[in-house]
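Remarks on the structure that follows.
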Amino acid sequence: MFDSTLLEALRNARHLVVFTGAGVSAESGIPTFRDRLTGLWERFDAASLATAEAFRADPALVWGWYQWRRSIVHRAQPNPAHRAIAALANKVPRLTLITQNVDDLHERAGSHDVTHLHGQLERPRCFKCQREPDAPLPVPDESEAGRRVQPPTCLHCGGPLRPGVVWFGESLPVNAISHAFQAAEDCDLLISVGTSGVVYPAAEVPQVAWRAGATILHINPAPGPLHGERDFALASAAGNALPALLNSAFAEH
Ligand code: APR
10 MFDSTLLEAL
20 RNARHLVVFT
30 GAGVSAESGI
40 PTFRDRLTGL
50 WERFDAASLA
60 TAEAFRADPA
70 LVWGWYQWRR
80 SIVHRAQPNP
90 AHRAIAALAN
100 KVPRLTLITQ
110 NVDDLHERAG
120 SHDVTHLHGQ
130 LERPRCFKCQ
140 REPDAPLPVP
150 DESEAGRRVQ
160 PPTCLHCGGP
170 LRPGVVWFGE
180 SLPVNAISHA
190 FQAAEDCDLL
200 ISVGTSGVVY
210 PAAEVPQVAW
220 RAGATILHIN
230 PAPGPLHGER
240 DFALASAAGN
250 ALPALLNSAF
260 AEH
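The numbering of the sequence shown is my numbering, which starts it at 10 and goes up by one.
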């Protein structure tokens, strides 16, 4: 069912990079960015809420939206795609996991050392002084999620807390993006899972790997165009494709 060259590339990989986007968490019930917002958030779009300007103009609106997202992530469970990626780490000599996602489902599936290019929902910090709160924030309950909520204030300077994610127009964490590019340069296989590949500089990670000579596999029900040699696509949901790939490559090995 899988191309034999691809299976060989996986079996023989010295350094595998797995690069994930919102699609890997879609089957856990977390909406992707290109999905339309639903319910109370129907009349907003993600791109206009995920900016520093939006937070400055209406902190309660933006914080409320992130509380809603946190409540979805807290209720969600890792799916077979997250678990297959965690299992892959035991099958290859080296695996680097790079995600654009701000949820913690890779960690909850058992992956270690996850590089979060776009930050993490559970790492809020002060909008003014950048300090992180000493204790984790309580999980929003259902009544709080989905409406405007004033953000908590920083104990050091009294500024509002902001979500620990990278908003549109902001720079990516320097360590995370340089680690991602180094891994992309070094790997021999990169599996890109559930990303539309339109948000830069993250979208460059697979391109860097391909230019450096790695084999690339895209797993996406709606894959983009391929670049010819060493470029493969599985037009399938990640929760089906990844466990099946793992089985085919390593079942009898
Ligand atoms: N399995 C695999 N892929 C899937 C699945 C699935 N079950 N369901 C949807 N997809 C694919 C979609 O076809 C789409 O190409 O996942 C992709 C999700 O794309 P986006 O919503 O654009 O998510 P992502 O690529 O992670 O977005 C990048 O944009 O808004 C910013 O910072 C945000 O990190 C995010 C970045």
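Positions of the beta carbon are idealized from the N, C-alpha and C atoms, including for glycine.
Residues sharing a beta bridge with residue i, DSSP
i, result
"I228", "V202 and L243"
"R171", "R134"
"G128", "V174"
Straight-line Cα distance separating residue j from residue i
i, j, result
"P252", "N88", "10 Å"
"F28", "I200", "6 Å"
"A85", "I39", "7 Å"
"L106", "K100", "14 Å"
"S37", "A31", "10 Å"
"E17", "A258", "8 Å"
"F42", "A35", "10 Å"
"K137", "N229", "39 Å"
"D113", "H236", "32 Å"
"A144", "M10", "49 Å"
"H127", "V111", "6 Å"
"R52", "P161", "25 Å"
Residue i, buried or exposed, once every other Cβ within 10 Å from all chains shown has been counted against 16
i, result
"H125", "buried"
"T14", "exposed"
"A260", "exposed"
"D44", "exposed"
"P169", "buried"
"C163", "buried"
"H115", "buried"
"G233", "exposed"
Enclosing beta strand (DSSP E) for residue i [first to last residue]
i, result
"H24", "H24 to T29"
"R103", "R103 to T108"
Presumed contact (8 Å Cβ cut-off) between residue i and residue j, rounded CB distance
i, j, result
"C196", "V71", "At roughly 36 Å, the Cβ-Cβ gap does not stay under 8 Å, so C196 and V71 are not in contact."
"G119", "A90", "The pair is not a contact, with the Cβ atoms about 13 Å apart (cut-off 8 Å)."
"A242", "H227", "5 Å"
"V202", "V33", "5 Å"
"F190", "V158", "The Cβ separation is near 37 Å, so there is no contact."
"A63", "S57", "6 Å"
Residue i: first and last residue of the uninterrupted alpha helix (DSSP H) it sits in
i, result
"T14", "S13 to R20"
"I39", "Segment: none, I39 is in no alpha helix (DSSP H) and carries neither H nor E."
"A121", "The amino acid occupying residue 121 in the given sequence is His; Ala does not appear at that position. No alpha helix (DSSP H) holds H121; DSSP gives it neither H nor E."
"F64", "A61 to A66"
"P2", "The question about residue 2 has no answer here: the residues shown for the chain are numbered 10 through 262."
"A55", "A55 to L58"
"R220", "E213 to R220"
Chain C within 8 Å of residue i, Cβ atoms only
i, result
"H24", "No chain C appears in this structure, which consists of one protein chain only."
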